[in-house]
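Chemist: Quick one: the structure is below, and I'll ask about it shortly.
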Amino acid sequence: MTTTISNSILSAKINHKGAELVSLQNLETKREYIWEGKPEFWGKHSPILFPIVGTLKNNSYEYEGKIFSLNRHGFARDFDFQLIVQETDKVVFSLQYNSDTFCIYPFKFELQLIYTLKKSELIITYKVINKDQKTIPFSIGGHPAFALNDTFERYSLEFESGEKLISYTLEKDLLSNKTKNIELKNNQLPLTYSLFEKDALVFKSLQSKQIKILENNSTILNFKFNDFPHFGIWTKINAPFICLEPWLGYADTTNANGNILDKEGIQLVESNSYKEYNFSIEII
3 MTTTISNSIL
13 SAKINHKGAE
23 LVSLQNLETK
33 REYIWEGKPE
43 FWGKHSPILF
53 PIVGTLKNNS
63 YEYEGKIFSL
73 NRHGFARDFD
83 FQLIVQETDK
93 VVFSLQYNSD
103 TFCIYPFKFE
113 LQLIYTLKKS
123 ELIITYKVIN
133 KDQKTIPFSI
143 GGHPAFALND
153 TFERYSLEFE
163 SGEKLISYTL
173 EKDLLSNKTK
183 NIELKNNQLP
193 LTYSLFEKDA
203 LVFKSLQSKQ
213 IKILENNSTI
223 LNFKFNDFPH
233 FGIWTKINAP
243 FICLEPWLGY
253 ADTTNANGNI
263 LDKEGIQLVE
273 SNSYKEYNFS
283 IEII
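Be aware that the sequence shown starts at 3, since it is given in the numbering used here, and climbs by one per residue.
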């Protein structure tokens, strides 16, 4: 089941499973900006990563002396969300803790995904609500895949700052202490599949809080992520999409001790409180 919101410029379609954005279209040009999800490359569009981002060491974590199993990127993307607010240009989806989540993530939470259209921009808000009597540890992130209509090498990413990018290498899906430096030219990173031969580019920090996608040197969208300190960029070899992934948290390091409270990048939300973060996609 899907729900669509729109204004005079854009329409966005959200699947109730995972509250996943599956379409963002310019109504005038009919251009589709979200990857269509062909399974031969990657069968998703823009999944939510919660309550972890990336992979845990041994796919498990320890909390209060107990071991819990949790698969890569968590479970929120696999559950049906409830539509709790519906307006022409805004929707709010909610996932509440339940017996299935509690046995692998022993916390009473509510996760809301809020989609809002404002002119040529889609704002995506994550709201993590603690309904428990104890502090909840979590990570959260986005994984939107943007459709590339032309040859991959005709695209580039333009960073807000002319920084030196430091990407952490993945070893069996875990973050190693090995890094590689990526030089920008005029703030731009030309896209080539060779960048992703060892999986995603993983950045523990970026100066930039905006990244533009350029098609044949012309900007097609501006991705803004001011609330997110960590970031990933990913594609499949020969696939016609690029993922820009704003994160709070990232995969376990190879030397992680397994305690969820000691995990690098872990976030905390206090009892009877909430944390809220947003990023946006501006169509140019």
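Glycine included, each C-beta is placed from N, C-alpha and C at the ideal position. All values derive from a computational prediction rather than experimental measurement.
Can the beta-carbon of K265 be found closer than 9 Å to that of P108?
Modeler: For K265 and P108, no; Cβs fall outside 9 Å.
Chemist: In whole angstroms, what is the alpha-carbon distance linking V93 and V271?
Modeler: When rounded, the distance between both Cα atoms is 24 Å.
Chemist: If distances are taken between C-alpha atoms only, which option among K120, Y65 and E64 comes closest to T90?
Modeler: Among K120, Y65 and E64, the Cα nearest to that of T90 is on K120.
Chemist: Quick one: residues in its chain with C-beta nearer than 6 Å to the C-beta of V55, no 5 flanking neighbours on either side, listed in chain order?
Modeler: S141, G143, W249, G251 and Y252.
Chemist: What residue from L193, H47, Y276 and Y157 has the CA that sits closest to N219's CA?
Modeler: Cα-wise, what sits closest to N219 is Y157.
Chemist: Using CA atoms only, rank isn't needed, just tell me which of Q190, I168, E162 and N188 is closest to K180.
Modeler: Nearest C-alpha to K180: I168.
Chemist: For E42, which option in A258, C245 and K238 has the closest C-alpha, if you only look at C-alpha atoms?
Modeler: E42 has its Cα closest to that of K238, out of A258, C245 and K238.
Chemist: For a minimum of 3 consecutive residues, which ranges assigned as the beta strand (DSSP E) are wholly contained in the segment 197-284?
Modeler: List check, beta strand (DSSP E) in window: 203-205, 212-217, 220-226, 232-236, 243-250 and 269-271.
Chemist: Beta carbon of W44, beta carbon of A241: below 9 Å?
Modeler: Yes, the Cβ-Cβ distance between W44 and A241 is below 9 Å.
Chemist: What is the DSSP secondary structure of T103, reduced to helix, strand or coil?
Modeler: Residue state, collapsed to three classes: helix.
Chemist: Are the Cβ atoms of N60 and G260 separated by less than 9 Å?
Modeler: Closer than 9 Å, so yes.
Chemist: Is there contact between the segment 15-22 and the segment 95-103, where contact requires at least three CB pairs shorter than 8 Å?
Modeler: Short answer: they touch.
Chemist: Assess, as a yes-or-no matter, whether the segment 159-167 is touched by the segment 213-231 under the definition of 3 or more beta carbon pairs within less than 8 Å.
Modeler: The segment 213-231 vs the segment 159-167: in contact.
Chemist: So if DSSP puts D82 in a beta bridge, which residue, or which two residues, is it bridged to?
Modeler: D82 is bridged to K19.
Chemist: From L186 to F281, what does the alpha carbon distance come to, in whole angstroms?
Modeler: Each residue's alpha carbon lies about 23 Å from the other.
Chemist: Considering only the beta carbon of each residue, do P192 and E247 sit closer than 9 Å?
Modeler: Their beta carbons are not under 9 Å apart, which means P192 does not touch E247 by this criterion.
Chemist: How would you call D82, buried or exposed, if buried means at least 16 neighbouring beta carbons within 10 angstroms?
Modeler: Answer is exposed; the Cβ neighbour count stays below 16.
Chemist: Pick out whichever of F227, F70 and Q269 has its Cα sitting closest to the Cα of I126.
Modeler: The shortest Cα separation from I126 among F227, F70 and Q269 belongs to F227.
Chemist: Can you list, in chain order, the residues of its chain whose CB lies under 6 Å from that of I86, leaving out five sequence neighbours each side?
Modeler: The answer, listed in chain order, is V94 and S96.
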